[in-house]
Amino acid sequence: MKRAVRALTARRPRALSSLLVALGLTAGGLAAWAGQDWYAAAHDGTAAYAEQRDRALAAGEQAVLNLNTLDHRDVDQGLDLWESSTTGELHEQLSAGRDEFADQVRQAKTVTTARVLSGAVTELDDRAGRARVLVALRVTVKAADGAGTDKDSRMLGELTRTGGRWKLSALGQAPVGGAPTG
2 MKRAVRALTA RRPRALSSLL VALGLTAGGL AAWAGQDWYA AAHDGTAAYA
52 EQRDRALAAG EQAVLNLNTL DHRDVDQGLD LWESSTTGEL HEQLSAGRDE
102 FADQVRQAKT VTTARVLSGA VTELDDRAGR ARVLVALRVT VKAADGAGTD
152 KDSRMLGELT RTGGRWKLSA LGQAPVGGAP TG
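Here the sequence shown is numbered in this note's numbering, starting from 2 and rising by one per residue.
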């Protein structure tokens, strides 16, 4: 009988140590798998692309907001902001018509403010440094007599990355509903 008891107790430590080794290997394998998964996610281009998309959207919304805000009491500062928000052909158009436009705004004595309602990136070519955004905004125009009007509009903007910053290179009204696009 003593021999049977010794045989049972001799097998228990081996079974327990085998179980511990198996658990250790399983835990090590899971840790290696999780580490590899984490490394792949951290070095995946998707995160960098998403970050660039978010930067383009923020810059696009701000630039559209800038180009829809102007106060007759400080036209020059407003137009400077317009020019710093743009590049390319749009920038050239704004610069060329600046003096004439400033005179018109001063004579009309209007204050235009805008608020972004929503925005989305519709296209992004990170390698080429080009993006398109759709921005919905509410524009409020206050005339010299204090009367104000609100207008909701949707703008389509094209962005170009220049000097590490996204700037508007084109801006136009987005078609609404079933309106033909041309």
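Think of the CB as a built atom: it goes at the ideal place given N, C-alpha and C, for glycine as much as any other residue.
Bear in mind that the values here come from a model prediction, so they are computed numbers and not experimental data.
query: What runs of the alpha helix (DSSP H), each 4 residues or longer, lie entirely inside the stretch 44-82?; result: 46-68
query: Determine contact between the stretch 88-96 and the stretch 117-129, defined as no fewer than three beta-carbon pairs at a distance below 8 Å.; result: no
query: Please state the DSSP three-state secondary structure of Gly25.; result: helix
query: Across the stretch 58-71 and the stretch 162-170, are there enough close Cβ pairs to call them in contact, namely three or more that are closer than 8 Å?; result: yes
query: Which whole runs of the alpha helix (DSSP H) in the stretch 91-166 are 4 residues long or more, in chain order?; result: 99-109
query: Taking contact to mean 3 or more Cβ pairs, one atom from each stretch, closer than 8 Å, check whether the stretch 137-150 and the stretch 36-56 are in contact.; result: no
query: Would Ala64 and Leu169 qualify as a contact pair, given that the criterion is a beta-carbon distance under 7 Å?; result: yes
query: Return the residue from the list Thr88, Gly158, Gly29 and Asp127 that minimises the CA-CA distance to Ala137.; result: Gly158
query: Just to confirm, is the Cβ distance from Leu82 to Asn67 under 7 Å?; result: yes
query: Decide if Ser18 is buried, meaning its Cβ has at least 16 other Cβ atoms within 10 Å, or exposed.; result: exposed
query: Which residue wins for smallest C-alpha separation from Arg166, given the options Arg56, Leu20 and Gly173?; result: Arg56
query: At the level of alpha carbons, what is the spacing between Thr1 and Met156?; result: Any question about residue 1 goes unanswered here, given that the chain covers just 2 to 183.
query: Alpha carbon to alpha carbon, how far is Arg54 from Asp126?; result: 9 Å
query: Taking the Cβ atom as the reference point for each residue, do His73 and Val117 lie within a distance shorter than 7 Å?; result: no
query: Suppose you measure from the CA of Leu21 to the CA of Ala35; what does that come to, to the nearest Å?; result: 21 Å
query: By alpha-carbon positions, which one of Leu172, Ala115, Asn69 and Gly30 ends up nearest to Ala132?; result: Leu172
query: Is DSSP giving Ser86 helix, strand or coil here?; result: coil
query: Between Glu84, Val142 and Thr87, which lies nearest to Val112 when the distance is taken from Cα to Cα?; result: Val142
query: Strictly by DSSP, which residues pair up with Ala171?; result: Glu159
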